[in-house]
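**Q** So the protein lines, in turn, are chains S and L.
First residue of the first sequence: 72, per the numbering used here; consecutive thereafter.
First residue of the second sequence: 72, per the numbering used here; consecutive thereafter.
Let me give you the structure first, and then I'll get to my questions.
Number of protein chains: 2
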Amino acid sequence: MALNPQKPQLDPQYLEKLQDYYSEHKVIPSYSVLAGLWGISAKSWVSECVKRFEEAGFLDWTPDKQLKPGARFFERKLADSAVQAGLPNAAISDGYDLVTIDDWLVKIPSKTALVRVKGDSMIDAGIHEGDLLVVEVQPNANVGDIVVAIVDNEFTVKYLQKERNEFVLKPANRAYPVIRPKGRLEIFGVMAGLARRTR
Amino acid sequence: MALNPQKPQLDPQYLEKLQDYYSEHKVIPSYSVLAGLWGISAKSWVSECVKRFEEAGFLDWTPDKQLKPGARFFERKLADSAVQAGLPNAAISDGYDLVTIDDWLVKIPSKTALVRVKGDSMIDAGIHEGDLLVVEVQPNANVGDIVVAIVDNEFTVKYLQKERNEFVLKPANRAYPVIRPKGRLEIFGVMAGLARRTR
DNA sequence: TGACATCCAGAACGTTCGTTCTGTATCTTC
DNA sequence: GAAGATACAGAACGAACGTTCTGGATGTCA
């Protein structure tokens, strides 16, 4: 007896193939292309599978009724340090959804710039040489923010502080001096995050 | 005289609006939706604009003739600290292409996991609490690597070192002790990068 | 052995897609 | 101030889209 009528399962390969297609083209294909991708020759069945992926949260629709990736589409193995697990597999399968690292770091793409960090003047803030700083471009900032400022025609990353009613740029490294800009301080943007590659 | 017939310029806001739409929905909309997005009421003109974006490398087509993001679509303003610039605008327009932060950090998606960092035991390596560690999952590592190991059913991030022919896990913070695992040391993966959000 | 659900093929159908063509208002350029 | 390019609007059209319906093959369970 099917007392608990479970959702019919669908081929996990279907999802993988879709994800591979998406990662290559950055777009969800049409039903007929999906049919070819999945080795199905009936759009009606594609439609059915899409509905199931939709219910499972892997696909979704735009307000314009176009098929788009759902909340779980970009799910990666996310593991918490505190996770209790005997086996790595058990651990990572517990991980829940997270979109793209890009999405996590970048809120407004059109107002976001990336600055490659030179030097170690912010080392005590955990900002290393070669890191990619995610910057929200805006002309002003609050005291205490880490800002990217333009000093002597160069970008510089520093803490924004106030000293005797004047803005100063403070490094996070005792080997460097505080910068006291003459005249107006030109701010390029505020640090919103960073990315580092170590391999 | 138009000796050098330049490409007619197109509204940079068009691209930004498309990028923002894409970052929300992860999909390129249809021409009629684009028309609404750009405040245009003629699909013919949308078609023309798309052609220009295509020539500029911001849009492209799948083999199935579906519109998709082009090579330069995910380009962000990348600014070098050493860039010479009077104006911010002049500076960032010099920036060249970079794909997604995701692509930059993640080489092999299927073997990559993300671990949220707990505690400050690796603070001297510039790894803060709350950072997202990009980990290449593999059962072994080299001495000197920053590894994610499984100790007492918990993930822990440490340097892998050798001490009297035995592997030890060394924190980057003097307040924490070196971990000398009894028996086999279980390695989850090796750090490949990190992402931090500060806003 | 029958009842029923699942998995898939095939065709029909109204809608929406992107292309193309014509037309118009504005703005240069000489 | 005439010529030409540019930036749109609007309509027409065939092709492609996704939905829906019918129907067959296979598997499961009592």
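We put the CB at the ideal spot given by N, CA and C, even for glycine.
No experiment lies behind these values; they were computed from the predicted model shown.
Chain S partners of Leu240(L), CB-CB under 8 Å?
**A** The premise fails here: Leu240(L) is roughly 13 Å from chain S at the closest Cβ pair, so nothing lies under 8 Å.
**Q** The alpha helix (DSSP H) spanning Lys88(S) covers which residue range?
**A** Here the alpha helix (DSSP H) through Lys88(S) covers Pro83 to His96.
**Q** Tell me whether Ala184(S) is buried or exposed, calling it buried when 16 or more other Cβ atoms sit within 10 Å of its Cβ.
**A** Buried is the call here.
**Q** Count Cβ pairs between the stretch 225-236 of chain S and the stretch 189-201 of chain S that sit closer than 8 Å; are there 3 or more?
**A** Counting Cβ pairs under 8 Å, three or more are found: they touch.
**Q** Checking the sheet assignment: what are the DSSP bridge partners for Ile179(S)?
**A** In the DSSP output, where bridge partners are listed per residue, Ile179(S) has none listed.
**Q** Any idea if Pro248(S) is buried or exposed, counting beta-carbon neighbours within 10 angstroms, 16 or more meaning buried?
**A** Flag for Pro248(S) reads exposed.
**Q** Restricting to Cα atoms, I'd like to know which of Ser103(S), Gly107(S) and Val98(S) is closest to Leu130(S).
**A** Checking every option, the nearest Cα to that of Leu130(S) belongs to Val98(S).
**Q** Hey, quick one: how far does the alpha helix (DSSP H) through Phe124(L) stretch, first residue to last?
**A** Run containing Phe124(L): Lys114 to Ala127, per the alpha helix (DSSP H) assignment.
**Q** Excluding the 5 residues flanking Gly273(L) on each side, which residues of the same chain have their C-beta closer than 6 Å to its C-beta?
**A** Residue 273(L) is absent from the model: chain L starts at 72 and stops at 270.
**Q** What does the alpha-carbon distance come out to for the pair Cys120(L) and Gly260(S)?
**A** Distance between the alpha carbons of Cys120(L) and Gly260(S) is about 31 Å.
**Q** Step through the CB atoms of chain L and report whether any lies within less than 8 Å of the CB of Pro100(S).
**A** Interface residue, yes.
**Q** What are the residues in the stretch 257-268 of chain L lying within 7 Å of chain S by C-beta distance?
**A** Flagged, chain order: Phe259, Met262, Ala263, Gly264, Leu265, Ala266, Arg267 and Arg268.
**Q** Taking 8 Å as the threshold (C-beta atoms), are Tyr85(S) and Trp109(S) in contact?
**A** Contact flag set, yes.
**Q** Within the chosen definition, does the stretch 241-257 of chain S reach the stretch 230-249 of chain L through at least 3 CB pairs nearer than 8 Å?
**A** The stretch 241-257 of chain S, when compared against the stretch 230-249 of chain L, does not touch it at the 8 Å Cβ threshold.
**Q** If distances are taken between C-alpha atoms only, which option among Val206(L), Asp135(L) and Ile221(L) comes closest to His96(S)?
**A** When only C-alpha atoms are compared, the closest one is Asp135(L).
**Q** Distance, Cα to Cα, Pro83(S) vs Asn211(S)?
**A** Distance between the alpha carbons of Pro83(S) and Asn211(S): 49 Å.
**Q** May I ask you to list the residues that DSSP assigns as paired with Lys229(S)?
**A** According to DSSP, which records beta bridges pairwise, Lys229(S) is partnered with Val218(S).
**Q** Whose CA, out of Tyr92(L), Glu200(L) and Lys139(L), lies closest to the CA of Asn244(L)?
**A** Comparing Cα-Cα distances from Asn244(L) to each of Tyr92(L), Glu200(L) and Lys139(L), the minimum goes to Glu200(L).
**Q** Taking any Cβ of chain L, which residues in the stretch 102-114 of chain S have a Cβ under 7 Å from it, in chain order?
**A** Listed by position along the chain: Val104.
**Q** Alpha helix (DSSP H) containing Ala106(S): first to last residue?
**A** Residues Tyr102 to Trp109.
**Q** What in chain S is Cβ-close to Leu231(L), meaning under 8 Å?
**A** Per Cβ cutoff of 8 Å: no residues; Leu231(L) is ~13 Å from chain S at best.
**Q** I need the straight-line Cα distance from Ala263(L) to Asp202(L), nearest angstrom please.
**A** So the alpha carbons of these two residues sit roughly 13 Å apart.
**Q** When the cut-off is 8 Å and only beta carbons count, does Gln137(L) lie next to chain S?
**A** Yes, its Cβ sits closer than 8 Å to a Cβ of chain S.
**Q** Going by DSSP in three states, Ser152(S) sits in which element: helix, strand or coil?
**A** In this predicted model, Ser152(S) has a pLDDT of only 42, less than 50, meaning its place in the structure is not dependable enough to derive any value.
**Q** Using the Cα positions of Phe238(S) and Leu176(L), report the straight-line distance between them to the nearest angstrom.
**A** Going by the C-alpha atoms only, they are around 35 Å apart.
**Q** Distance, Cα to Cα, Asn271(L) vs Arg268(S)?
**A** No answer is possible for residue 271(L): the residues shown for chain L start at 72 and end at 270.
**Q** Determine, for Pro83(S), whether the minimum Cβ-Cβ distance to residues of chain L falls below 8 Å.
**A** Not one chain L Cβ lies under 8 Å of Pro83(S).
**Q** Starting from the C-beta of Val219(S), find all residues in its chain whose C-beta is less than 6 Å away, skip the five residues before and the five after it, and write them out in chain order.
**A** Cβ within range, chain order: Val186, Val206, Phe226, Val228, Phe259 and Gly260.
**Q** So which residues of chain S does Gln90(L) contact, with C-beta pairs closer than 8 Å?
**A** In chain order: Pro180 and Ser181.
**Q** Let me know the secondary structure DSSP gives Ile198(L) once reduced to three states.
**A** Three-state DSSP puts Ile198(L) in coil, outside helix and strand.
**Q** Under 8 Å between C-beta atoms, does Tyr167(S) make it to chain L?
**A** Low local confidence applies: a pLDDT of 43 at Tyr167(S) is under 50, so the model's placement there is unreliable, and no value is given.
**Q** Is the distance from the Cβ of Pro100(L) to the Cβ of Thr133(S) below 8 Å?
**A** Yes, they are a contact pair.
**Q** Please return the same chain residues whose Cβ sits closer than 8 Å to the Cβ of Gln90(L), not counting the five positions on each side in sequence.
**A** So the qualifying residues of the chain are Phe144.
**Q** Using a C-beta to C-beta distance shorter than 7 Å, which residues of chain S count as neighbours of Pro140(L)?
**A** Near Pro140(L) (Cβ distances below 7 Å), the residues of chain S are Lys97.
**Q** State the DSSP-derived secondary structure class of Ile258(L), mapped to helix, strand or coil.
**A** It is a strand residue.
**Q** Identify which residue in Thr171(S), Lys241(S), Leu204(S) and Val208(S) has its Cα closest to the Cα of Glu146(S).
**A** Cα-wise, what sits closest to Glu146(S) is Thr171(S).
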